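In terms of the working numbering, the sequence shown opens at residue 19 and continues consecutively.
All C-beta atoms, glycine included, are put in the ideal place defined by N, C-alpha and C.
Keep in mind it's a predicted model, so treat the numbers as computed, not measured.
What follows is a short report on a single structure.
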Amino acid sequence: MDFEVSSKRQQRGILTGLLLGRSFRRQSNFGIEHQNPELEYIAFKRSLLAQVTGRAVALRQWQTRNGHQMIQLLPTQIPLSRVLVQRLYRGNHKVIRTTLLTGLTPPGLALWFMDRGSRHYIHQRKTQTIKGVELYLNTLTPQAESETIAAYFRERWDIHWGLIRYHHRYRLRLGTQASRQFFELIAPYVLPSLKPLLDPSDNRTATA
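Given below as structure tokens:
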């Protein structure tokens, strides 16, 4: 798993993927928030952000009212991250536009999917054997933004996501063949510990 950060394009792709995932706004900068059990993934992101920004990344731990242990990564602001935060956020809310999505690269797509992706097996009703698999990108965005995301994937990567209504928002879904096409694109950049949970060709957790 090799994330190159030497060029501005590579840095932009990585930061865009991180912002679209579990980021939150810190004035003109951003932070990333995870639950405490995800320590390996947090350490990976912290190292990656340090490479992109050229500075050590501060870490803050806190506990929610429900007793959940949370960890925040607080990277140093660089000019590129300031620009991307301005493109994504309106106030403290994310609004996903094509101008931001065009900066994504396969590593950035992998980061976004590791944060917001999930896998679902389709079983035969009678035998409970697996007959297919779906991947979801759980954006939980309004319909117009979801259509923007789907159009970007279709035009840039020839990957055709469908929209699935979830309460008053939408998430994106891929069928079996398209799931494998998408995962092949991002597989070199997916953390090994997460592959068994996200790879559409891996059925080790199918009965979990």
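Item to check | Alpha-carbon spacing of Ser211 relative to Phe21, whole angstroms | outcome: Stepping through the sequence shown from its first residue, residue 211 is reached at position 193. Stepping through the sequence shown from its first residue, residue 21 is reached at position 3. Roughly 16 angstroms between the two C-alpha positions.
Checklist entry - Below 9 angstroms between beta carbons: does that hold for Thr120 and Gly150? => result On the sequence shown, position 102 is the one that residue 120 refers to. On the sequence shown, position 132 is the one that residue 150 refers to. Not in contact: Thr120 and Gly150 (Cβ atoms no closer than 9 angstroms).
Next on the checklist: Can you list, in chain order, the residues of its chain with a C-beta nearer than 7 angstroms to that of Thr166? Leave out the 5 residues immediately preceding and following it.
Outcome noted: Looking up residue 166 in the sequence shown gives position 148. Ile114, Arg115, Thr116, listed in sequence order.
Checklist entry - Can you tell me the Cα-Cα spacing of Thr123 and Gln28, whole angstroms? => result Translated into positions along the sequence shown, residue 123 becomes position 105. Translated into positions along the sequence shown, residue 28 becomes position 10. C-alpha separation (whole angstroms): 7 angstroms.
Checklist entry - Where does the unbroken alpha helix (DSSP H) through Gln199 begin, and where does it stop? => result Here the question's residue 199 lines up with position 181 in the sequence shown. Note, Gln199: alpha helix (DSSP H), 194 to 204.
Checklist entry - Between Ala61, Leu127, Gly39, which lies nearest to Phe171 when the distance is taken from Cα to Cα? => result Taking the sequence shown and counting its residues from 1, one reaches residue 171 at position 153. Out of Ala61, Leu127, Gly39, Leu127 has the C-alpha closest to the C-alpha of Phe171.
Next on the checklist: Given this structure, state the Cα-to-Cα distance separating Ala226 from Gln69, to the nearest angstrom.
Outcome noted: Here residue 226 corresponds to residue number 208 of the sequence shown, with the count starting at 1. Here residue 69 corresponds to residue number 51 of the sequence shown, with the count starting at 1. For Ala226, the pLDDT reaches just 39, beneath the cut-off of 50, and the residue's location in the model is therefore unreliable, although a value from the coordinates is still provided. Roughly 36 angstroms between the two C-alpha positions.
Checklist entry - Using DSSP with H/G/I as helix, E/B as strand and the rest coil, what is Lys213? => result Residue mapping note: residue 213 aligns to position 195 of the sequence shown, counting from 1. In the structure shown, Lys213 sits in a helix (DSSP, three-state: H, G or I).
Item to check | Where Ser197 falls, given that 16 or more other Cβ within 10 Å makes a residue buried | outcome: Residue 197 sits at position 179 when you count from the first residue of the sequence shown. It is buried - the Cβ of Ser197 has at least 16 other Cβ atoms within 10 Å.
Checklist entry - Can we count Leu158 as close to the ligand ATP, meaning its CB is less than 8 angstroms from some heavy atom? => result The model on display carries no ligand, and the ligand ATP is accordingly not part of it.
Checklist entry - How long is the line joining the alpha carbons of Tyr154 and Tyr188, rounded to whole angstroms? => result Stepping through the sequence shown from its first residue, residue 154 is reached at position 136. Stepping through the sequence shown from its first residue, residue 188 is reached at position 170. Their backbone Cα atoms lie some 11 angstroms apart in a straight line.
Checklist entry - Using the rule of at least 16 other Cβ atoms within 10 Å of the residue's Cβ for burial, across every protein chain shown, is Asp176 buried or exposed? => result Indexing the sequence shown from 1 puts residue 176 at position 158. Label assigned to Asp176: exposed.
Checklist entry - Cα separation between Lys200 and Arg191? => result As a first step, residue 200 is located in the sequence shown; it is residue number 182 there, counting from the start. As a first step, residue 191 is located in the sequence shown; it is residue number 173 there, counting from the start. It should be noted that the sequence gives Phe, not Lys, for residue 200. Answer to the nearest angstrom: the Cα atoms are 11 angstroms apart.
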